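Peer 1:
Residue numbers (our numbering), protein chains in the order written: chain A, 1 to 532; chain B, 1001 to 1669.
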């Protein structure tokens, strides 16, 4: 009996290490339940607040875990500086998304509870991914992050483009996931283990660095992860999905997915496969180059801001890969630093787009921000700071981040990649500066002339359920959808959106001048990988 | 509080003032922007006093305190920090700058009243003071360069303050361009020094200098001469001086503050600060001394001929800075800085008095139109005379002691420096003549209409405001001077500011009377502890000769001016016709503008045009940009072409990509 009891003794669970994840998932359940209440204020206010609360709890628990270094769940997850820093960035991105979505169409149509539940689950998946230390956890995390996102993209159910975006993301995403899974299977076949550390040992001990099975696995894994990080030539879903998805979700995807994907890139390639770095390094570097060129060139001349930012995010992913390629501590630090900076500069831009989508009838077209400086000088300032930072102009955090990446690339022996980053930044001015010019130099476009295609696309939620899947619940409650349905939201105060814009732009500027706190934050992240 | 904390406060107050007045311009009622700005600078002055008291508590060897707020970049051999160096030299400058600035702010509150750009003016002015204090408190080369560039920008903003005046904007651009030439010199010079010392920090670089450089080291001489280019541009020394007279287009208090008392002396400060390097590069020192002497002489002759009252003072400023540059270049650091301080007092006073007359003349600046203001404006007259006597070096006014000390130390150096000594006294004679030419022409003789009206209690206003330089018709809206002219007799703040400065102009010389006291020498000594030239012994005979000579020459100059412009006014005209070519040379400012135009501007334009016509159009436009643009365009089109929106193509490309990567990896096995 005692023997049986001993055998039945449950595994040791390190709840402290898991606590941020638990907070997120518990929050997900909680908001789903809270969303069932009929009272409007519960759905419109309480659910969002609860989500923010869950994120805040996750953030607090992450900080509580600070400086701990341990493997939990039988070595599946690793709690260290890297995963904790990335957790913070993810939580910040999630909170911003909740604020941006506070009054959006998407939350209402998808029902508040579901929307926020999906968001929280996706963040949990990302957090899992950032901490994953074996290939199984990696895959679980990846799916947990992706599946809610597919749904979230389609959450504006009456807008064709939103549905299209969700469907496209789902199909292409499945191909990507499948590729990754094959890759993982091949690596398992070659090494016989799933643990990152064990893979590294197996590769070095058994001299597998030239093994076709392993290399095939690496190739497929690289492709799968590149897909998630929207690295060319696996980036093609990005513009379509970013443009179609509800803007708060686009903002979230743009920052958080990148964080998770590059986090796992760092852990998987710079830990498990470091031994084969001389093999995959050049391949990833070439991919980074293609990404930088395709992203920057594709963004030129886009009239939709979201599409432009989608291509820009492709290019930025290319910059960040440079930090992965070199496989050094400096590179890892530079990548994490850039991820944090990227969060701020992108959120500032998306917050402005969200604000303008609701104020004008141009959707995310460039007309929406034309002459912005005269109507909303502070929004224009935020957008300007964000664009300058994305382009890497000094005195913004973007400059420091890019400088750091180039430094890492050059000292890691990839000088040419540093040159590519610089050339890419030069091209990028070709689409960032016109945005600034439009905000400051041109007169505002007449808001009452909605004749562009952007308007029809945005559609102002014409009251027909165009496609199957339109929420039946909405029909019963016209009063909810009514006030906003006609685009009559113009100039309604949106303090939370302005708050996000101001905070993100302020942080971009602040860390451009005082980068030291961020340097300190990411300093540990490089050390934990056991790199040079 | 420690001296460095006070040092940071010195910087913080003007910055706060600038932000308050700059962002609150729409909400600040009446003159409050002016009072806020004045208060900010005054607090800054008090903080500088606090730093002084705190610093004097240290033993003399420990009076060089460095404080760093944060590291901006400390990688790859660069140690750029936001650090300040609080030492006697920095504090001496900070006290002079903040002290004179607060008085000029006070003066401006009245002088700029009713101008439509009131808050903007004070915001700029605070920005200037902040930049200047940053420059003098800088603890390393990077902060120095930032401050240096900021004062250039502030000067541009203030010269072009009346931005609808075409002459003002042109003058602003000229000043900025020439200052940028100086900035380039400063940055390159810094590089030459940094290359060897390996640190940007002042104290560390000074300590390293004797070990890494031998005397006359080629790189060091080049570096110091480049620093001199920076100093010459900022301090309006030949041949980079032409912007200063034009800078008089700015409001008169700006001329008093920036283009007389503070910014233009930055070059003097730079040489004094970098004395360690200059003493190791004697050739650069000689260049500085000779250029300083040439400037003081040439500017003096031009001052005799021009008729715009502000420009006369501007040339006088150039000339006096020539003394200072010459002084610090021959090792008379304390004397040069002493003269910097006394000059700040009496020159600011002269400008303020000139501003008062210009107010009475309703914007007219020509000496030809002024006459007989003595009775109408007694206070202005008294101030002008005090400033004039100090400038002419008449004992016991402050200029007497400081100028003679520079020349004394110059003579001490012996050999060819005697030539500089002689030039200095010729310059002193010219100074007395042109200064009293202004006084006699503006205040003596038969009063003009404006003076008569003022005697009867009515301040003249032009029926139609005009640009005094070109006669263009203006209005009084934003971008042009406001409708009200201020004179000292009717504005208490102006009188207070001028009164305090007058006291300084009379009494500041007492700080350092030869053989009696050595306040300045002793105070500055810790900053020059590593100097071999600092405060060498003086020969008594030479000292007495200098003092007597200075007095006699000053009085002779005044006497000559009296004879020419009061006793027998015809003589001036006769001389002008007799010495026609010489007069034309002077009145055309020795043709420096034309020379620069011929040597730099025209060839520049010509080369630019030619390059644009050939190289730019064919190579740059056509090949480089053309191909780059079309490459970007073509690839952009290609990217869009692939972006069909159709899933099957996306998947196809994905599969293609996977195959490509897979192939690569399999080839590696």
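Glycine included, each C-beta is placed from N, C-alpha and C at the ideal position. As the structure is a prediction and not an experimental result, all values here were calculated from the model.
#1: For the segment 1609 to 1636 of chain B, enumerate the residues whose C-beta is nearer than 7 Å to any C-beta of chain A, in chain order.
#2: Does residue 454(A) come out as helix, strand or coil in the three-state DSSP assignment?
#3: Would you check if the distance between the CB atom of residue 214(A) and the CB atom of residue 131(A) is smaller than 9 Å?
#4: Note down, in chain order, every chain B residue with its Cβ under 7 Å from the Cβ of residue 175(A).
#5: If contacts are defined as beta-carbon pairs under 8 Å, then residue 1662(B) and residue 288(A) qualify, I think. What distance do you get, rounded to the angstrom?
#6: Tell me whether the segment 1408 to 1416 of chain B and the segment 1561 to 1571 of chain B touch, counting them as touching only if at least three CB pairs, one residue from each stretch, are closer than 8 Å.
#7: Among residues of its own chain, excluding the 5 on either side of residue 499(A), which ones have a beta-carbon nearer than 8 Å to its beta-carbon?
#8: Taking the alpha carbon of residue 1161(B) as the point to measure from, which residue in 1523(B), 1252(B), 1562(B) and 1086(B) has its own alpha carbon closest?
#9: Mark residue 1618(B) as exposed unless 16 or more other C-beta atoms lie within 10 angstroms of its C-beta, in which case mark it buried.
#10: Does chain A have any CB closer than 9 Å to the CB of residue 1008(B)?
#11: By the DSSP assignment, the beta strand (DSSP E) with residue 1200(B) in it spans what residues?
#12: How many Å lie between residue 1425(B) and residue 1405(B) at the Cα?
#13: Are residue 1321(B) and residue 1268(B) close, meaning C-beta to C-beta below 9 Å?
#14: Give the list of continuous alpha helix (DSSP H) stretches no shorter than 4 residues that lie fully inside the segment 284 to 331 of chain A.
#15: Measure from the alpha carbon of residue 1482(B) to the alpha carbon of each residue in 1165(B), 1628(B), 1236(B) and 1510(B), then state which is nearest.
#16: Please report the residue range of the alpha helix (DSSP H) in which residue 79(A) lies.
#17: Use the C-beta contact count for residue 1137(B): other C-beta atoms within 10 angstroms, 16 or more gives buried, fewer gives exposed.
#18: Looking only at C-alpha atoms, which of 436(A), 363(A) and 385(A) sits nearest to residue 534(A)?
#19: Quick one, which of 1048(B), 1087(B), 1045(B) and 1049(B) has its alpha-carbon nearest residue 1060(B)'s?
#20: Note the first and the last residue of the continuous beta strand (DSSP E) segment covering residue 1081(B).
#21: Give the range of the beta strand (DSSP E) segment to which residue 70(A) is assigned.
#22: For residue 551(A) and residue 246(A), what's the separation of their Cα atoms in angstroms?
#23: My output table needs one value for residue 1590(B): the three-state DSSP class, helix, strand or coil.
#24: Relative to the C-alpha of residue 195(A), which candidate in 108(A), 120(A), 74(A) and 183(A) has its C-alpha closest?
#25: Just how far apart, CA to CA, sit residue 1107(B) and residue 1497(B)?
#26: So, does the segment 1356 to 1369 of chain B touch the segment 1322 to 1330 of chain B, judging by three or more C-beta pairs under 8 Å?
#27: For residue 1308(B), which residues does DSSP report across the bridge?
#28: According to DSSP, simplified to helix, strand and coil, what is residue 120(A)?
#29: What three-state label does DSSP hand residue 1356(B) in the structure shown?
#30: Using 8 Å as the cut-off, can you tell me whether the segment 506 to 517 of chain A makes contact with the segment 390 to 410 of chain A, which would need three or more C-beta pairs spanning the two stretches below that distance?
#31: Given this structure, state the Cα-to-Cα distance separating residue 63(A) from residue 331(A), to the nearest angstrom.
#32: Return the bridge partner residues of residue 1097(B) from the DSSP annotation.
#33: Under 6 Å Cβ to Cβ from residue 1001(B), same chain only, skipping five residues before and after it: list those, please.
#34: When we look at the beta-carbon of residue 1674(B) and count the other beta-carbons within 10 Å, is it buried (16 or more) or exposed?
#35: Residues in its own chain within less than 8 Å of residue 305(A) by CB, not counting five upstream and five downstream?
#36: Name the chain B residues whose beta carbon is nearer than 7 Å to that of residue 179(A)?
Peer 2: Concretely, from the data shown:
#1: Residues are counted here when their Cβ sits less than 7 Å from a Cβ of chain A; for the segment 1609 to 1636 of chain B these are 1632, 1635 and 1636, given in chain order.
#2: Reading the first chain from its first residue, position 454 is the one you call residue 454(A). Caution is warranted here: a pLDDT of 42 is assigned to residue 454(A), below 50, making its placement in the model unreliable, and the coordinate value is therefore given only provisionally. Collapsing the DSSP output to three states places residue 454(A) in a helix.
#3: The residue given as residue 214(A) occupies position 214 in the first chain. The residue given as residue 131(A) occupies position 131 in the first chain. Going by C-beta atoms, residue 214(A) is not nearer than 9 Å to residue 131(A).
#4: Translated into the one-based positions of the first chain, residue 175(A) becomes position 175. What residue 175(A) touches in chain B: 1651 and 1654.
#5: If you number the second chain from 1, residue 1662(B) lands on position 662. If you number the first chain from 1, residue 288(A) lands on position 288. Your pair residue 1662(B) and residue 288(A) does not check out as a contact, with CB atoms roughly 18 Å apart and the cut at 8 Å.
#6: Result no; under three Cβ-Cβ pairs closer than 8 Å.
#7: Position 499 of the first chain, counted from the first residue, corresponds to residue 499(A). Excluding sequence positions up to five before and after residue 499(A), its CB lies within less than 8 Å of the CB of 99, all in the same chain and listed in chain order.
#8: As a position in the second chain, residue 1161(B) is number 161, starting the count at 1. Nearest neighbour of residue 1161(B) by Cα position, chosen from 1523(B), 1252(B), 1562(B) and 1086(B), turns out to be 1252(B).
#9: Taking the second chain and counting its residues from 1, one reaches residue 1618(B) at position 618. It is exposed - the Cβ of residue 1618(B) has fewer than 16 other Cβ atoms within 10 Å.
#10: If you number the second chain from 1, residue 1008(B) lands on position 8. No, residue 1008(B) lies away from the interface with chain A (no Cβ there is under 9 Å from its Cβ).
#11: Counting from 1 along the second chain, the entry for residue 1200(B) is found at position 200. For residue 1200(B), no beta strand (DSSP E) segment is defined, and its DSSP state is neither H nor E.
#12: Stepping through the second chain from its first residue, residue 1425(B) is reached at position 425. Stepping through the second chain from its first residue, residue 1405(B) is reached at position 405. The C-alpha of residue 1425(B) lies about 12 Å from the C-alpha of residue 1405(B).
#13: Position 321 of the second chain, counting from 1, holds the residue named residue 1321(B). Position 268 of the second chain, counting from 1, holds the residue named residue 1268(B). A contact, by the Cβ cut-off of 9 Å.
#14: The DSSP assignment places complete alpha helix (DSSP H) segments of no fewer than 4 residues inside the segment 284 to 331 of chain A at 305 to 325, in order along the chain.
#15: The residue labelled residue 1482(B) in the question sits at position 482 within the second chain. Closest by alpha carbon: 1165(B).
#16: In the first chain, the residue the question calls residue 79(A) occupies position 79. Here residue 79(A) belongs to no alpha helix (DSSP H); instead the beta strand (DSSP E) covers 77 to 79.
#17: One-based indexing of the second chain puts residue 1137(B) at position 137. It is buried - the Cβ of residue 1137(B) has at least 16 other Cβ atoms within 10 Å.
#18: For chain A, the structure presents residues 1 to 532; residue 534(A) sits outside this window and is missing.
#19: Residue 1060(B) sits at position 60 when you count from the first residue of the second chain. Closest option to residue 1060(B), Cα to Cα, is 1087(B).
#20: Position 81 of the second chain, counted from the first residue, corresponds to residue 1081(B). First-last of the beta strand (DSSP E) with residue 1081(B): 1080 to 1086.
#21: On the first chain, residue 70(A) is found 70 positions in, with the first residue counted as 1. From DSSP, the beta strand (DSSP E) with residue 70(A) extends over 70 to 72.
#22: In the structure as shown, chain A begins at 1 and stops at 532. Residue 551(A) is therefore absent and cannot be evaluated.
#23: Numbered from its first residue, the second chain carries residue 1590(B) at position 590. Secondary structure of residue 1590(B) (DSSP, three-state): helix.
#24: Here the question's residue 195(A) lines up with position 195 in the first chain. Residue 74(A) is the option with its Cα nearest to residue 195(A).
#25: As a first step, residue 1107(B) must be located in the second chain, where it is residue number 107. As a first step, residue 1497(B) must be located in the second chain, where it is residue number 497. Looking at the two C-alpha atoms, the distance is approximately 6 Å.
#26: Taking 8 Å as the limit for Cβ pairs, the verdict is that the segment 1322 to 1330 of chain B does not touch the segment 1356 to 1369 of chain B.
#27: The sequence position of residue 1308(B) within the second chain is 308, counting from 1. Partner(s): 1366(B).
#28: Position 120 of the first chain, counted from the first residue, corresponds to residue 120(A). In this structure, residue 120(A) counts as helix in the three-state DSSP scheme.
#29: As a first step, residue 1356(B) must be located in the second chain, where it is residue number 356. Three-state result, residue 1356(B): helix.
#30: With the cut-off at 8 Å, the segment 506 to 517 of chain A and the segment 390 to 410 of chain A touch.
#31: Looking up residue 63(A) in the first chain gives position 63. Looking up residue 331(A) in the first chain gives position 331. Cα-Cα distance, rounded: 24 Å.
#32: Counting from one through the second chain, the residue named residue 1097(B) turns up at place 97. BP columns for residue 1097(B) are empty, so no partner.
#33: By 1-based counting over the second chain, the position of residue 1001(B) is 1. Closer than 6 Å at the Cβ level, and outside the excluded window around residue 1001(B), lies no residue.
#34: The first residue shown for chain B is 1001 and the last is 1669, placing residue 1674(B) beyond what the model contains.
#35: As a first step, residue 305(A) must be located in the first chain, where it is residue number 305. Around residue 305(A): 349, 353, 364, 365, 366, 368, 369 and 435.
#36: Taking the first residue of the first chain as 1, we reach residue 179(A) at position 179. Here the neighbours are 1658.
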